[in-house]
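Engineer:
In UniProt numbering, the protein residues as written are 1 to 357.
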């Protein structure tokens, strides 16, 4: 038992049972000199006040992230001292973790890690409610390399067109990524997003049904978003929610320490790795992805590629469709239909029957 605890028990015995200090210390086998000792150590009241202020603002931060913030402000303290003051001030939070069954084996799917910024993104939706009880949905987009929050779009009803509008804005600012990890939601499997991915040469990497671990970066980000922003704010309207989300996103990218990045901020990590956000140059077309012009056989007279107007004279769907492979980006059936459907509208009824697949 520590002296602090014995000192408190000795005072309790003196007060409740009316015994002397000598008798109370004798029962507890506690030296009277230790009982009378007054600490002369610095209580570091300034550090305690600053720690309480940071904990009041960053209500979801533990002592490790608070230690990083204190070091940024110039406090020369280590993590052990911060932890001691953190517990003495009663700032410890108890978090309930999901129980892991011993018989449930972890199945880790090996996925290649991105090596630079703007190479792989992740998208998902998070749901919440407004003050009036109406539904609120938030589109979240994260860079898988630098962990930057690229966009947070709030709305009551977000469709595939809204997702494409946000992606177009990001591509104009940063350039298009190589792949985007998404789940199987209706907004991500829509024809609008499929068409955007095809023309921008972006591969949509769909996660397996019921396997959120296939997209771990966005799932972790959504947890931080809900814990630090959605659960801590009331949203009066969609505009109010968008303003608060933008403020939190800037704080997340520029000030919040990220443990997997060496307690650096996402923007600082991206700059240090030499991959700051910039306009990406257009990539050459992939050899596995063919455009509709390359699928047109040479003209019989000139030997050159036919013009779009003469597509109907020699386009055979049975020759075109097998050239598309069934990939995870889910573009092959829709692209084949886009090649045929404009022709159906221009051909007469007699030729339409030739294009029945």
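Glycine residues also receive a C-beta, built at the ideal position from the N, C-alpha and C atoms.
1) Under the rule that 16 or more other beta-carbon atoms within 10 Å means buried, what is residue 197, buried or exposed?
2) Between the region 255-275 and the region 157-171, are three or more C-beta pairs nearer than 8 Å?
3) Can you name the residues that DSSP bridges to residue 153?
4) If we count the other Cβ atoms within 10 Å of its Cβ and call it buried at 16 or more, is residue 18 buried or exposed?
5) Roughly how many whole angstroms lie between the Cα atoms of residue 184 and residue 59?
6) Does the Cβ-Cβ distance between residue 398 and residue 32 come in under 8 Å?
7) Are the CB atoms of residue 128 and residue 136 nearer to each other than 8 Å?
8) Cα separation between residue 213 and residue 205?
9) Within 10 Å of its beta-carbon, does residue 177 have 16 or more other beta-carbons around it, so buried, or fewer, so exposed?
10) Do you know how far the Cα of residue 181 is from the Cα of residue 140?
11) Are the Cβ atoms of residue 69 and residue 77 separated by less than 8 Å?
12) So what's residue 251 in DSSP terms, helix, strand or just coil?
13) Identify whether residue 146 lies in helix, strand or coil by the three-state DSSP scheme.
14) Mind pulling the alpha helix (DSSP H) runs of 4 or more residues that sit fully within the region 161-231?
15) Between residue 247 and residue 114, what straight-line distance do the alpha-carbon atoms span, to the nearest angstrom?
16) Closest to residue 229 by CA distance: which of 122, 30 and 126 is it?
17) Am I right that residue 203 and residue 186 are in contact with their C-beta atoms under 8 Å? What's the rounded C-beta distance?
18) Rounded to whole angstroms, what is the Cα-Cα separation between residue 163 and residue 193?
19) Quick one: residues in its chain with C-beta nearer than 8 Å to the C-beta of residue 25, no 5 flanking neighbours on either side, listed in chain order?
Structural biologist: So, from the data block:
1) Numbered from its first residue, the chain shown carries residue 197 at position 197. By the neighbour-count definition (other C-beta atoms within 10 Å, threshold 16), residue 197 is a buried residue.
2) Too few Cβ pairs lie closer than 8 Å, so no.
3) Walking along the chain shown from the start, residue 153 turns up at place 153. Looking at the DSSP assignment, residue 153 forms a beta bridge with 139.
4) For this step, residue 18 is matched to residue 18 along the chain shown. Residue 18 comes out exposed.
5) By 1-based counting over the chain shown, the position of residue 184 is 184. By 1-based counting over the chain shown, the position of residue 59 is 59. Rounded to the nearest angstrom, the gap between the Cα atoms of residue 184 and residue 59 is 33 Å.
6) The requested residue 398 is not part of the displayed model; the chain covers only 1 to 357.
7) Sequence index remark: in the chain shown, residue 128 carries index 128 (1-based). Sequence index remark: in the chain shown, residue 136 carries index 136 (1-based). It is a contact, given that the beta carbons lie within the stated cut-off.
8) Mapped onto the chain shown, residue 213 falls at position 213. Mapped onto the chain shown, residue 205 falls at position 205. Spanning the two alpha carbons is a distance of roughly 13 Å.
9) If you number the chain shown from 1, residue 177 lands on position 177. Result: buried.
10) Within the chain shown, residue 140 is the residue found at index 140, counting from 1. Within the chain shown, residue 181 is the residue found at index 181, counting from 1. Spanning the alpha carbons of residue 140 and residue 181 requires a straight line of approximately 12 Å.
11) Residue mapping note: residue 69 aligns to position 69 of the chain shown, counting from 1. Residue mapping note: residue 77 aligns to position 77 of the chain shown, counting from 1. Taking 8 Å as the cut-off, the beta carbon of residue 69 is found no closer than this to the beta carbon of residue 77.
12) Numbered from its first residue, the chain shown carries residue 251 at position 251. DSSP places residue 251 in helix when its eight states are reduced to three.
13) By 1-based counting over the chain shown, the position of residue 146 is 146. Looking at residue 146 - three-state DSSP - the assignment turns out to be coil, as it is neither helix nor strand.
14) Runs of the alpha helix (DSSP H) inside the region 161-231: 191-199 and 216-228.
15) Here residue 247 refers to the residue found at position 247 of the chain shown. Here residue 114 refers to the residue found at position 114 of the chain shown. Those two C-alpha atoms are separated by around 27 Å.
16) The residue given as residue 229 occupies position 229 in the chain shown. Ranking the options by Cα distance to residue 229, first place goes to 126.
17) Translated into positions along the chain shown, residue 203 becomes position 203. Translated into positions along the chain shown, residue 186 becomes position 186. That belief does not hold up - the Cβ atoms of residue 203 and residue 186 are roughly 20 Å apart, past 8 Å.
18) To locate residue 163, count along the chain shown from 1; it is residue 163. To locate residue 193, count along the chain shown from 1; it is residue 193. A direct Cα-to-Cα measurement between residue 163 and residue 193 gives close to 7 Å.
19) As a position in the chain shown, residue 25 is number 25, starting the count at 1. Taking residue 25 as the centre and dropping the five residues before and after it, the same chain places the C-beta of 10, 31, 32 and 35 closer than 8 Å to its C-beta, in chain order.
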